[in-house]
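Report on the following structure.
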Amino acid sequence: MRIAVRRVGSARLEIATVADAVPWVAVPGPLGEEAAAFAGDETALLGWEDETLLPARPLGADETARLAVLIADASVLAGQLAGLLPWRLVGLRPTLAGGLVIEVIASPVDELSEREAELARLLSRPIALVSVGERALTGSTGRPALPIDLEEAAVKRLLAGAPARPGGFPRIGSPVRSPHGSGVVWSVRTRDRTVLVRVGDETVRVPLAELVTDEPGS
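Here is the structure:
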């Protein structure tokens, strides 16, 4: 069957082929497989033309459990990328193997491969630069909101240099450990001092006092 998916860290909807609809799949990319979230059936992409059909497989339980780590790692790299790119940055896609695919809006004549090698040396990991069009920022009409949207928004806030929240709360998008397992901060609620944490495929609300932050230097 054909389903609409969104890669972790990307604003784009794409079509993948799978045997059965599942919450998370692995799809191919320039640096190997990437995790992608189910975004609906193929009607989510009605009106789109010339879309490539991506072969996909269900994401394994161990791979799903590593998503929070991959997203947190991409968040750290986002800060390191500030000022290094001459193009508009629109996506940061961590791969399952530890690479990073960077989506930019670039001129067709720009030489992305030269900058890829430079970034790979600076960041000590495989890097691929992918030029996308303006349409990649919008998705389809009526695209449903997904949990992955909150994770991507967190990365964007980190890229913009969002400071840690006052009152001892962890930063949005930062990795934390809770009684329910390791995850990523989605939001905080000051009135009862709790934090909404993404753990695997679920979100749990945890008292601030029960969290341990995994951010460097904490």
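Each residue of the sequence shown is one higher than the one before, starting from 11 at the first, in our numbering.
Each residue gets a CB set at the ideal place from its N, CA and C atoms; glycine is no exception.
Remember, predicted model here, so these are calculated numbers, not experimental data.
For E43 and L106, the gap between their C-alpha atoms comes out near 6 Å. Check the Cα spacing between V111 and each of A21, L63, A78: the tightest is with A21.
Only residues of its own chain outside the window of five on either side were considered, and among them P185, S192 have a CB closer than 8 Å to the CB of V79, listed in chain order. Spanning the alpha carbons of L102 and P33 requires a straight line of approximately 20 Å.
For P38 and F48, the gap between their C-alpha atoms comes out near 15 Å. The residues G108, G109, L110, in chain order, have a CB closer than 7 Å to that of R135 in the same chain once the five nearest residues on each side in sequence are set aside.
Taking V216 as the centre and dropping the five residues before and after it, the same chain places the C-beta of S188, V205, V207 closer than 6 Å to its C-beta, in chain order. In this structure, A26 sits near I13, with a CB-CB distance shorter than 8 Å. Counting only unbroken stretches of 3 or more residues, the beta strand (DSSP E) elements lying wholly within the segment 65-104 are 98-104, in sequence order.
For L133, the uninterrupted alpha helix (DSSP H) run begins and ends at 122-133, by DSSP.
In this chain, the beta strand (DSSP E) harbouring D51 covers 44-51. For R203, there is no enclosing beta strand (DSSP E), since its DSSP letter is neither H nor E. Counting along the chain, P185 sits inside the beta strand (DSSP E) bounded by residues 185-188.
Take T223, set aside five residues on each side of it, and the residues of its chain with a beta-carbon closer than 7 Å to its own are P180, S184, V186, in chain order.
Under the three-state reduction of DSSP, L218 is assigned to helix. Boundaries cannot be given for A107, as no beta strand (DSSP E) includes it and DSSP labels it neither H nor E.
Of A71, P118, P104, P68, the smallest CA-CA separation from L133 is found for P104.
Non-local beta-carbon contacts of A116 in its own chain, meaning distances under 6 Å to residues more than five positions away in sequence, involve W97, S141 in chain order.
Rounded to whole angstroms, the separation of the alpha carbons of A82 and A219 is 21 Å.
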